[in-house]
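Per the working numbering, residue 4 is the first one in the sequence shown, and the count goes up by one each step. The beta carbon of each residue, even a glycine, is placed where N, CA and C say it ideally should be.
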Amino acid sequence: MNRTIQADLFRYGGLSGTKGLIKGFRKPGFRYMYVFRQASQGGRFSLKRLFFSWLRRRYSYKFGFQIPVGTAIGEGFFIGHHGTIVVNGKARIGKNCNIAHNVTIGQANRGRLEGFPTIGDHVWMGTGAVIVGNIHIGNNVLIAPNAYVNMDVPENSLVLGNPAKIIPKENPCDGYINNIL
C-alpha cells in the first residue's frame, strides 16, 4: 500500500494495515478515494487503470461524488459523508483536507476570478460550501457550512456566510481535522 493510500486510510479513525484496509472499504469516502487513486496510476490504456476507472464511475453514481481522475488531491483526503460532491478537474486540493456533502469546488468562467481554486493543506469544508474562481485558500482554514467563497483566504482563518466573511483565528481546525499520519 503506498503512502497516499495509507494516509487516506488513517484519516478514517486511525485505520492501518490489512485489517484496517478491509474496515476502510466499508466507508464510502475511503472506498471512492482508493479507487480514485488506483485509477490515476498506470498507463493510459492499462488494464488496471481501465478497471479502476470503470469502478470509479460506478461509485460516482452510487455515492454522488463527481471528482475527475486528473484532479490533484493531496494525501489524507477525507470525505465525511456520501452525498453530492462536485470538484472541477483542474482544481488543486492540498494534504489532510476534509470535505462534507453538497460541497462544490468549481470554476468561474468570466471576470477577474476566471479560473479554478487552489486549496491549501489542513482545510475543512463544511456542508453546502461553494468555492469558485481563481482563488487561493491558505493552510489551516475552516470553511463553515453554506459559505460561498470567491475570494482569497489567508492562512489560519475561519470563513463564514454568503457573502463570505473572513475571521482570523489561530488553529480554526482543531477538533475538525483528526487522525493525520
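Rounded straight-line distance, which links the Cα of residue j to that of residue i
i	j	result
Arg34	Pro120	25 Å
Asn174	Asn143	7 Å
Ile8	Gly109	25 Å
Pro171	Gly141	12 Å
Gly45	Ser63	21 Å
Val106	Leu50	32 Å
Ile88	Gly67	6 Å
Arg6	Glu78	8 Å
Beta-carbon contacts of residue i that lie in its chain and below 6 Å, excluding the five residues immediately before and after
i	result
Ile70	Val90
Leu242	Because the chain here runs from 4 to 184, residue 242 falls outside it and cannot be looked at.
Nearest residue (CA-CA) to residue i, options the options
i	options	result
Ile183	Asn5, Ala10 and Arg6	Ala10
Ile82	Arg52, Phe39 and Leu53	Phe39
Tyr37	Arg47, Phe54 and Asn165	Phe54
Short CB-CB distance (under 7 Å) between residue i and chain B
i	result
Tyr15	The displayed structure is made up of one protein chain only, and chain B is not part of it.
Sequence-distant residues of the same chain with beta carbon closer than 7 Å to residue i, five excluded per side
i	result
Gly178	none
Thr74	Val90, Gly92 and Ala94
Residues bridged to residue i (per DSSP)
i	result
Pro171	Ser160
Problem set entry | Cβ pair count under 8 Å reaching 3, the stretch 142 to 157 against the stretch 117 to 133 | yes
For this session: Taking 8 Å as the threshold, find out whether the stretch 92 to 112 comes into contact with the stretch 154 to 161 through three or more Cβ pairs.
Result: no
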